[in-house]
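Here's the structure we're looking at; comments come further down.
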């Protein structure tokens, strides 16, 4: 049989992932020899839709690109439009934006931990991490009133304040999450069965990660020092900086460790902001018509660099909104590392980049 | 302040690498440099950036620039598609701007130099109708199988299908 190509089509509806995508996996026996990818099953034409909506309407549209990292989409858009208008959000608004962004990162990383554990067949870890993620969801609901699309941003600031009472509840919740993440870090580093699925699997060298254009935790787990929060601070990241978490190991285990270590960093920075919250207005006035121009707006989503390119023709609607999401940049690493692995490792490799299909497709 | 000095140096460094091919340059934002280059120079410029290890390809953006409002457009109207290759290094963004006319909308693939470009090129080609010569996988990435050929959704002239066509499907 060797030499002949056997193709296993998977998806768009399939048991492993919760979102639709189509793969063709080429195998020789159990060995994967290649893979192709087809996206678009949840393509909604959001970039086109943006051209027919006003700046304010688009803020809500962008937030709906993704149900996991909704806040960063709205944040990238709002910051881009503010830059076009020559307006800067007030300090307290920027600090609140950062708190929400880091809470979102916490819930996203915990969600991912569960999904990845499930792909590894470790369903107890999946259920525990999702139970704990509820704590973060409750905190987000507490401050914003919403569990998923928090709708925190306005063009020119944020919609709500974080009160002293809410601060106490958030700090309590963070203590609990911190303890749990410590526990999970122990599990992913010591559980032999689990390590069998992650250690040395999906090895991606630093050179390869750079060559394939990886971003976010996927890149940082391979030693690539790339994090928009550090490289090009936005929101309040210059006042409340975060440390970049990097590992040189490059395998799936490293992707677990990097994401869990990032949780500690998020918790630390949220505490720091809440204890030193700047006093100011929450919103500044924005012009209804945005001056003509082009702007690049980059933020670090939980999955990596999120890139917005916004063109204004001077009207009340954008000429063009281009969104390049981190998952799209990371796919190359999966397709390149797949050959040589067993078919059974593919779901883990896919889960390793924490793919978001709604983001890919837009 | 010191920090700013070194960062401006980054953009200057990029410009030095690609200067022979640059036709125009702009600084739309303090951290950005936009350069206009010809389509025939694209590969040389990308190669030069790669050899200088300046930045990484962050995104490819297409912009439709119809010459007149779409409704009156005649077959041979010289509208252009502008393609933007964004490279990022730290907080700096270098954008290569290449324009191609509607009636000859093709670009060479940069995948031989930067393999990461493959998905970006496929998206660009479907959404704007630019044929990417030599791209490793030209198959559809996002649009459905039933999508009619020759219809490019992100061109300004596309404003959705009529209800009749929708019903026929």
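Chains as they are written, first to last, in my numbering: chain A, 1 to 362; chain B, 363 to 531. Every residue, glycine too, gets a C-beta built ideally from N, C-alpha and C.
DSSP-derived helix/strand/coil call for residue 170 of chain A: Note: residue 170 of chain A maps to helix in three-state DSSP.
Contacting positions in the segment 447-463 of chain B - beta carbon closer than 9 angstroms to chain A: Hits within the stretch, in order: 448, 450, 451, 452, 453, 454, 455, 457.
Chain-ordered neighbours of residue 59 of chain A on chain B, where CB pairs are closer than 8 angstroms: Listed along the chain, the chain B residues whose CB falls inside 8 angstroms of the CB of residue 59 of chain A amount to none; the nearest CB is some 20 angstroms away.
C-beta contact flag for residue 390 of chain B and residue 82 of chain A at 8 angstroms: Cβ atoms of residue 390 of chain B and residue 82 of chain A: not closer than 8 angstroms.
Identity of the residue in A/227, A/159, A/139, A/160 nearest residue 172 of chain A by Cα: Here the closest residue by C-alpha is A/139.
Extent of the continuous beta strand (DSSP E) run through residue 476 of chain B: Note, residue 476 of chain B: premise wrong, no beta strand (DSSP E); not H, not E.
Contact check, residue 352 of chain A vs residue 326 of chain A, beta carbons under 8 angstroms: For residue 352 of chain A and residue 326 of chain A, no; Cβs fall outside 8 angstroms.
Residue range of the beta strand (DSSP E) that includes residue 450 of chain B: Run containing residue 450 of chain B: 442-451, per the beta strand (DSSP E) assignment.
Cut-off 8 angstroms between Cβ atoms - residues of its own chain near residue 112 of chain A, not counting five sequence neighbours on either side: Closer than 8 angstroms at Cβ, skipping near neighbours: 259, 302, 351, 354.
When A/91, A/5, A/10 are compared against residue 280 of chain A, the one with the closest alpha-carbon: Here the closest residue by C-alpha is A/91.
For residue 94 of chain A and residue 290 of chain A, the rounded distance between their alpha carbons: Spanning the two alpha carbons is a distance of roughly 21 angstroms.
Contacts of residue 231 of chain A in chain B (Cβ-Cβ under 7 angstroms): For the C-beta of residue 231 of chain A, the chain B residues within less than 7 angstroms are, from N- to C-terminus, 452, 453.
Spatial distance of residue 319 of chain A from residue 189 of chain A (CA atoms): Taking the straight line from one Cα to the other gives about 49 angstroms.
Contacts that residue 43 of chain A makes with chain B (C-beta to C-beta distance below 9 angstroms): In chain order: 504, 505, 506.
Delimiting residues of the beta strand (DSSP E) encompassing residue 35 of chain A: 31-38 is the extent of the beta strand (DSSP E) around residue 35 of chain A.
Per-residue DSSP class, three states only, for residue 412 of chain B: Helix.
Residue 364 of chain B classed as buried or exposed, judged by whether at least 16 other C-beta atoms fall within 10 angstroms: In this predicted model, residue 364 of chain B has a pLDDT of only 39, less than 50, meaning its place in the structure is not dependable; the value taken from the coordinates is given anyway. Classification of residue 364 of chain B: exposed, given that the 10 Å Cβ count is below 16.
Contact with chain B by residue 216 of chain A, beta-carbon distance below 8 angstroms: So no, residue 216 of chain A is outside the interface.
Beta-carbon proximity list for residue 323 of chain A, same chain, < 7 angstroms, skipping 5 on both sides: These residues qualify, in order along the chain: 47, 65, 308, 362.
Residues that residue 305 of chain A contacts on chain B, provided the C-beta gap is smaller than 9 angstroms: Residues of chain B passing the Cβ test: 420, 450.
Exposed unless 16 or more other CB atoms sit within 10 angstroms - verdict on residue 368 of chain B: Annotation note: pLDDT 49 at residue 368 of chain B (below 50); position unreliable, no value reported.
Cβ pair residue 270 of chain A, residue 103 of chain A closer than 8 angstroms: Inclusion of residue 270 of chain A and residue 103 of chain A in the CB contact set at 8 angstroms is warranted, their separation being smaller than that value.
Three-state secondary structure assigned by DSSP to residue 381 of chain B: Residue 381 of chain B falls in the helix class under three-state DSSP.
Cβ neighbour criterion (16 or more within 10 Å) applied to residue 242 of chain A: By the 16-neighbour rule on beta-carbons within 10 angstroms, residue 242 of chain A is buried.
Close Cβ partners of residue 393 of chain B (< 6 angstroms) along its chain, the five nearest in sequence each way excluded: Non-local beta-carbon contacts of residue 393 of chain B in its own chain, meaning distances under 6 angstroms to residues more than five positions away in sequence, involve 453, 454 in chain order.
According to DSSP, residues forming a beta bridge with residue 457 of chain B: Residue 457 of chain B pairs with B/396, B/448.
Which listed residue (A/24, A/37, A/51) has its alpha carbon closest to that of residue 315 of chain A: Closest in C-alpha terms to residue 315 of chain A, from the list A/24, A/37, A/51, comes A/51.
Closest residue to residue 297 of chain A among A/26, A/32, A/234, A/19 (Cα-Cα distance): The shortest C-alpha to C-alpha distance from residue 297 of chain A to any of A/26, A/32, A/234, A/19 is the one to A/234.
Chain-ordered chain A contacts of residue 411 of chain B [CB-CB under 9 angstroms]: Those within 9 angstroms of residue 411 of chain B in chain A number zero; the least Cβ separation is about 13 angstroms.
Beta-carbon gap between residue 460 of chain B and residue 380 of chain B smaller than 8 angstroms: Contact flag unset, no.
Rounded separation between residue 311 of chain A and residue 425 of chain B - CA only: Their backbone Cα atoms lie some 9 angstroms apart in a straight line.
Euclidean distance between Cα positions of residue 215 of chain A and residue 329 of chain A: Approximately 7 angstroms between the Cα atoms of the pair.
Closer than 8 angstroms to chain B by CB, residue 210 of chain A: At a cut-off of 8 angstroms between beta-carbon atoms, residue 210 of chain A makes contact with chain B.
Three-state secondary structure (DSSP) of residue 502 of chain B: Three-state result, residue 502 of chain B: coil.
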